[in-house]
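*Asks:* As you go down the protein sequences, you meet chains A and B in turn.
Per full-length UniProt numbering, the first sequence starts with residue 1, numbered consecutively.
Per full-length UniProt numbering, the second sequence starts with residue 1, numbered consecutively.
We put the CB at the ideal spot given by N, CA and C, even for glycine.
Number of protein chains: 2
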Amino acid sequence: MASSSLSPKHLVSLSTHRTTSLSKPPSTAADFFLRFRNSDSVSLRCSSLSSQLNRNGAPACRMKVSATSAAQVVAQPPSNTTSTVPTIVDVDLGDRSYPIYIGSGLLDQPHLLQKHVHGKRVLVVTNTTVAPICLDKVVSALTHGNPNVSVESVILPDGEKYKNMDTLMKVFDKAIESRLDRRCTFVALGGGVIGDMCGFAAAAFLRGVNFIQIPTTVMAQVDSSVGGKTGINHRLGKNLIGAFYQPECVLIDTDTLNTLPERELASGLAEVIKYGLIRDAEFFEWQEKNMPALMARDPNALAYAIKRSCENKAEVVSLDEKESGLRATLNLGHTFGHAIETGFGYGQWLHGEAVAAGMVMAVDMSYRLGWIDDSIVKRTLDILQAAKLPITPPETMTVEMFKSVMAVDKKVADGLLRLILLKGPLGNCVFTGDYDRKALDETLHAFCK
Amino acid sequence: MASSSLSPKHLVSLSTHRTTSLSKPPSTAADFFLRFRNSDSVSLRCSSLSSQLNRNGAPACRMKVSATSAAQVVAQPPSNTTSTVPTIVDVDLGDRSYPIYIGSGLLDQPHLLQKHVHGKRVLVVTNTTVAPICLDKVVSALTHGNPNVSVESVILPDGEKYKNMDTLMKVFDKAIESRLDRRCTFVALGGGVIGDMCGFAAAAFLRGVNFIQIPTTVMAQVDSSVGGKTGINHRLGKNLIGAFYQPECVLIDTDTLNTLPERELASGLAEVIKYGLIRDAEFFEWQEKNMPALMARDPNALAYAIKRSCENKAEVVSLDEKESGLRATLNLGHTFGHAIETGFGYGQWLHGEAVAAGMVMAVDMSYRLGWIDDSIVKRTLDILQAAKLPITPPETMTVEMFKSVMAVDKKVADGLLRLILLKGPLGNCVFTGDYDRKALDETLHAFCK
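1) Output the residue ranges of the alpha helix (DSSP H) runs that lie fully inside the stretch 267-309 of chain B and measure 4 residues or longer, sorted by chain position.
2) Specify the secondary structure class of B/H118 as computed by DSSP and reduced to three states.
3) Output, in chain order, the set of chain A residues within a Cβ distance shorter than 9 Å of B/K410.
4) With a CB to CB cut of under 6 Å and the five nearest residues on each side skipped, what residues in its chain are close to B/I133?
5) Let me know the alpha helix (DSSP H) ranges lying completely inside the UniProt domain "3-dehydroquinate synthase N-terminal" (154-266) of chain A, each 4 residues or longer, listed in chain order.
6) Identify the continuous alpha helix (DSSP H) that holds B/G105 and give its terminal residues.
7) Give the residues from the stretch 421-440 of chain A that approach chain B closer than 8 Å (Cβ to any Cβ), ordered along the chain.
8) Distance, Cα to Cα, A/M219 vs A/I273?
9) List, in order along the chain, the chain A residues whose C-beta lies closer than 9 Å to that of B/K229?
10) Under 8 Å: do the stretch 369-379 of chain B and the stretch 390-398 of chain B share three or more Cβ pairs, one atom per stretch?
11) Could you tell me the alpha carbon to alpha carbon distance between A/A314 and B/L93, rounded to whole angstroms?
12) Please report whether the beta-carbon of B/A413 lies at a distance below 8 Å from any beta-carbon of chain A.
13) Can you tell me which of B/I306, B/N210, B/D441 puts its alpha carbon nearest to the alpha carbon of B/V117?
14) Do B/L168 and A/I176 have their C-beta atoms closer together than 8 Å?
15) Is there at least one Cβ from chain A nearer than 8 Å to B/G242's Cβ?
16) Pick from A/E264, A/E271, A/N233: whose alpha carbon is nearest that of A/S224?
17) Please list, in chain order, the chain A residues whose beta carbon lies closer than 8 Å to that of B/L236.
18) In whole angstroms, what is the alpha-carbon distance linking A/E262 and A/T217?
19) Could you pull the start and end residues of the alpha helix (DSSP H) that A/F399 belongs to?
20) Quick one, are the C-beta atoms of B/V125 and B/C198 less than 8 Å apart?
21) With B/I383 as the anchor, note down where its alpha helix (DSSP H) starts and where it stops.
22) Got a sec? Which residues, its chain only, sit under 6 Å from A/T329 by beta carbon, not counting five neighbours each side?
23) On the premise that B/I306 lies in contact with B/H360, defined as a C-beta separation below 8 Å, what is that separation, rounded to the nearest angstrom?
24) Is DSSP giving A/N127 helix, strand or coil here?
25) Alpha carbon to alpha carbon, how far is A/L444 from A/G242?
26) Run through chain A and tell me which residues come within less than 8 Å of B/A203, C-beta to C-beta.
27) Ends of the beta strand (DSSP E) at B/D90?
28) Note the first and the last residue of the continuous alpha helix (DSSP H) segment covering A/L444.
29) Would DSSP call A/L417 helix, strand or coil?
30) Which one or two residues does DSSP pair with A/L422 in a beta bridge?
31) First and last residue of the alpha helix (DSSP H) that includes B/T335?
32) Report buried or exposed for A/L440, applying the criterion of at least 16 other Cβ atoms within 10 angstroms of its Cβ.
33) Consider the Cβ of B/F211: report whether some Cβ of chain A lies at a distance smaller than 8 Å.
34) B/Y435 to B/M365, Cα distance in whole Å?
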């Protein structure tokens, strides 16, 4: 899994699990992982640096990353059969930095989780869909060889429509009734809704306790579990109440995707496509070639897409944690998308479905402004359709519904709605309130009856 | 008001508002304030330093502070007749540092508030008791000469029993219905309950907006408005849900105390007495002499007590913002006190009343442990009685009620309850879980039937 950002020598070592350049062979996967971690981090930093360079037009060492893409991904053994050494993407936030572990079978490696648990008490927050599949495994990973740790769990109803204060209170109730104290750890086990709610609960319980993310959907693995945005919805808008609160680690076991419904898979891919559009043309090209493999759940293709997405997200978050500018670009299509989710009712469309239609609208508007050429419009439509994602909002959405919800978007500043729009060659965007209102009106009218 | 920490020359200038050592006389109070601010800050830093030294037994330049106490306070003109130059206590938290302005008539100096407002929209959060007395004045201070700013307000029911999620949601509802955006400012106008709820709302609204404290009770002015602890109660315990979130400034207009009920005044004095007990023997001695003046609301005595309390609090918060150790000492009596508030029902006793009885219990336990001599026990009882505060818990409190609530206290770590107890000469305390459980049992049994 780690191969795509490692040197050829490491690539062989990691993908075969047989040969190694270490003087003594590792006795266990964990041992192997620990001894390899430094060189892995160096490679990732190089990849991160090169993606910066690339966006400025100098391809330089990014070659190394792209050379390992499609062909090599397919050539590797399936990753969902055995535990693997995790790829690690670091989120660099000073004393709040943390690792994202990515790989197959990571929940079978208890030390990964346990070294990030504080205190002796853990509260796992999950939902009715994920609990039957994953909860036992997570409890086992938390307690294996670690009898002093006790684990409580709270199982919430599944779905965006439960991402509200009433459901959040159930987490507080459970934590307080269980008499958890400041030295406890909250674990989010589920998709984006669980991660956002558990994260906000961890931020607010006793004014802040330790927190681990175990995302189980593509959406959560490539986007929402990374970067510390937590929160709940208000009846008038999405994510209007929350906190910036970073986890202690993110553990992405790609095996959790085995049971993910088709629509959820596609929904997550909308965010993957987003990274390509806003800042990573090479990744977008990789996706254009590999969308069939991603849709077929090729484990290596998925792992590569997750890793590359996390690298993009980690880099943006490191540069702009509190979203004063750059980070907002991650919201391409989200302002239109949130309007769809709110106007259409939470839970009718999945988040990524709404974002997909929203991205089409943002791209359409960018084209109307003359900021991109029509090839980008076409490639956006093509890739979204290849991912079986919607390319228009629901028919019931009106111009007024869009305008009403967009007026309470968090990106409004002093009354002015700022949008993320593409500008220039593929992989470039702007976050701006400086655009012709006529183009926005035209886009809204073009997509609403 | 600022006199007590200034040099004699400044003292004369500030208290008479006539003579000054500046080459050109200031044309307005604001001008005067601005030109004086630097020297004022220097003096405060010296005072802050000296209180550190004092706690280590070296009285040094603290003499300057104590020499200006009772006699000079009484010699100054009443401060509630005209606007004064504010005393400024700085809370030093790096890029989240902020000033506390203390003085009479500060709400008549719009520039003080306005320079801390971000954006063009303000939400004032207040309650049914304070709104009729102060809201117009605050709205006027926010908008005077500043027509671009629009002010919304939300008036909550008054009392600790409303410090809950339902009431908090009314703040979010108002903010969202008013379409406030990230560049808005929340203003807390009221006592500790309003400050805590408004602060938490500001921390969580759109993941954090600007926030100003205008405390209107002694309790809020000497304690809760300073230091960024925000939150709400859960039915099973106080302040269990919240955030550390620092305000942009704290504006203490001592005129707001003119209409404060007697019980509220005494309740706030409990926290003033606390600073003396845990870290400032000299301040405690000043209080012993000046309690009659404080109870009679001598404005200068009150202003001095507020300033000295804020200096103590600011110093502790600067050294330990997130309460990893030192800051916990500010909770002397609060663990017992919270048990009283929770067991007896929020709002039956005021916070300071519960803290007063709690401090007596903590002092009793410290004495049973052999950590303090009986003169401290007697002086504690005497000063609390002089402030007309309770010295025993309500008769209905049982040992079991105390134990049950204390088990969910935030200071429990890995199951061990840590307490703040006095140890050594007056003005010294420890925060520890290392005490004989027998002493705790004996104290609980001594105070419960």
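*Replies:* Quick answer:
1) 281-295
2) coil
3) D181, R182, L206, R207
4) T259
5) 165-177, 192-204
6) Premise fails: B/G105 is in no alpha helix (DSSP H) and is neither H nor E.
7) none
8) 11 Å
9) R207
10) no
11) 27 Å
12) yes
13) B/N210
14) no
15) yes
16) A/E271
17) I176, E177
18) 11 Å
19) The sequence given here places Val at residue 399 of chain A; Phe does not occur at that position. Where A/V399 is concerned, the enclosing alpha helix (DSSP H) stretches over 399-406.
20) yes
21) 374-386
22) I278, I420, C429, F431
23) Note that residue 360 of chain B is Val in the sequence shown, not His. Rounded, the Cβ-Cβ distance is 24 Å, inconsistent with contact.
24) strand
25) 29 Å
26) A243
27) 87-91
28) 437-447
29) strand
30) A/C429
31) 334-344
32) buried
33) no
34) 10 Å
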